[in-house]
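There are 2 protein chains.
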Amino acid sequence: MEEVQIGGMRFTLDLSQPLYEQVLDQVRSSIAKGEIALGSKIPSVREMAQALKINPNTVMRAYQELERDQLTETRRGQGTYITTDSARVEQIRYRAAEQAIQEFLGKMASFGFDAQAIEKLLRKYGGEST
Amino acid sequence: MEEVQIGGMRFTLDLSQPLYEQVLDQVRSSIAKGEIALGSKIPSVREMAQALKINPNTVMRAYQELERDQLTETRRGQGTYITTDSARVEQIRYRAAEQAIQEFLGKMASFGFDAQAIEKLLRKYGGEST
DNA sequence: TAAGTGCATTATATCACTTAATACACTTAA
DNA sequence: TTAAGTGTATTAAGTGATATAATGCACTTA
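First to last, the protein sequences are chains A and B.
With our numbering applied, the first sequence has no gaps in its numbers, which climb one by one up to 133 at the end.
With our numbering applied, the second sequence has no gaps in its numbers, which climb one by one up to 133 at the end.
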């Protein structure tokens, strides 16, 4: 539950998920929400590892997945930079949204809620998130 | 992707999740959707294990979690039975729904979608599940 | 009594995740 | 040229969750 500030991003790691996945999610979220400027540099692997008190290899794994999604570009000897391709960011955003929706609706259906019931529940429980 | 019929339920196991979790989810779903009658008996641990071609201990783990949630009652020497307490089933259903909603909204928020955007996307992608 | 229940125990194996320690190629600035 | 900082690759080791295997026990029913 410890919060760490680094490179204009806030990080909170716990043991509920793989560390590399949490780093990946939180950097991707910062990009998607526009909290970090396109084209800007993110902390180096070693710097991030030290700040989060985790192994550089674990950070590497997260960074490599970001690059596979073309959300970052890495320049050998220089560092890792957020893409300047805003269309790519939008693509990732909507792809993630579609997947989240499918998962959500599938789970709700497995508990026997139809579209109408889901709509009603969304109004009831939808008010109080972060 | 192999589908197995047993005890009035359809099972499909894969390697994407722990086996005990998949068994747990699919039995719980059958109860929640009313596909299996309250008070009825579900297959024995050994029977289920043989049908799904997995270890009895793995089935046990799923069954124990069902009993912890009071969705089943086990009678030593007799077997495992679905609860007759319909209110309990409803409680589990709505608790699960609330959790799914919170997770969904949290994920969408992390990608920068507000309530209005979520509503719009639900209409767009909401049609084609199952 | 025999067969079928849930349940407990012990051992083993596998896999994902994480850390650790090094090393190398590259870039930049002193 | 040098030194420091980049990403990256490699090898080794440890840990925990998951799953299987083999056995046995207490209980219930036919």
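No residue lacks a Cβ here, since even glycine has one placed at the ideal position from N, Cα and C.
What in chain B is Cβ-close to SER89/A, meaning under 8 angstroms? Residues of chain B passing the Cβ test: none, with the nearest at roughly 13 angstroms.
List the residues that DSSP assigns as beta-bridge partners of LYS44/A. TYR84/A
For GLY10/A, decide whether its Cβ has a neighbour in chain B, counting only Cβ atoms nearer than 8 angstroms. No, GLY10/A does not count as interfacial toward chain B.
Contact list for GLU101/B against chain A, beta-carbon separation under 8 angstroms: LEU124 and TYR128
Let me know the secondary structure DSSP gives GLN29/B once reduced to three states. helix
Quick one: using the 10 Å Cβ neighbour count with 16 as the cut-off for buried, is LYS56/B buried or exposed? exposed
Is the Cβ-Cβ distance between PHE107/A and ALA103/B less than 8 angstroms? yes
Using a C-beta to C-beta distance shorter than 9 angstroms, which residues of chain A count as neighbours of GLY82/B? Ordered by position in chain A, no residue passes the 9 angstroms Cβ test against GLY82/B, which lies about 25 angstroms from the chain.
So with Cβ pairs under 8 angstroms, would you call ARG79/B a contact of chain A? no
Using three-state DSSP, classify ILE9/B as helix, strand or coil. strand
Against chain A, with Cβ distances strictly below 8 angstroms, would PHE114/B count as a contact? Answer yes: the Cβ-Cβ gap between PHE114/B and chain A drops below 8 angstroms somewhere.
Starting from ALA118/A, find everything on chain B with Cβ-Cβ shorter than 8 angstroms and list it in chain order. GLY129
Against ALA40/B, what residues of chain A qualify as contacts under a CB-to-CB distance less than 7 angstroms, listed in chain order? None at all; the shortest Cβ gap to chain A is about 15 angstroms.
Any idea which residues DSSP pairs ARG98/B with across the strands? Its beta-bridge partners do not exist; DSSP assigns none.
When Cβ atoms are compared, which residues of the segment 39-73 of chain A fall closer than 8 angstroms to chain B? none
I'd like to know if SER32/A contacts chain B, where contact means its C-beta is closer than 8 angstroms to some C-beta of that chain. yes
Are the segment 11-29 of chain B and the segment 120-128 of chain A touching, with three or more C-beta to C-beta distances below 8 angstroms? no
Spatial neighbours of ASN58/A within its chain, please: C-beta separation below 7 angstroms, excluding the five flanking residues on both sides. ALA52
For ARG71/A, count the other beta carbons within 10 Å of its own beta carbon; 16 or more makes it buried, fewer makes it exposed. Which is it? exposed
Are the C-beta atoms of PHE14/A and some chain B residue less than 8 angstroms apart? Not one chain B Cβ lies under 8 angstroms of PHE14/A.
Could you tell me whether the Cβ atoms of THR87/B and GLY42/B are closer together than 8 angstroms? yes
At the 8 angstroms Cβ level, is ILE85/A part of the contact set with chain B, yes or no? Not one chain B Cβ lies under 8 angstroms of ILE85/A.
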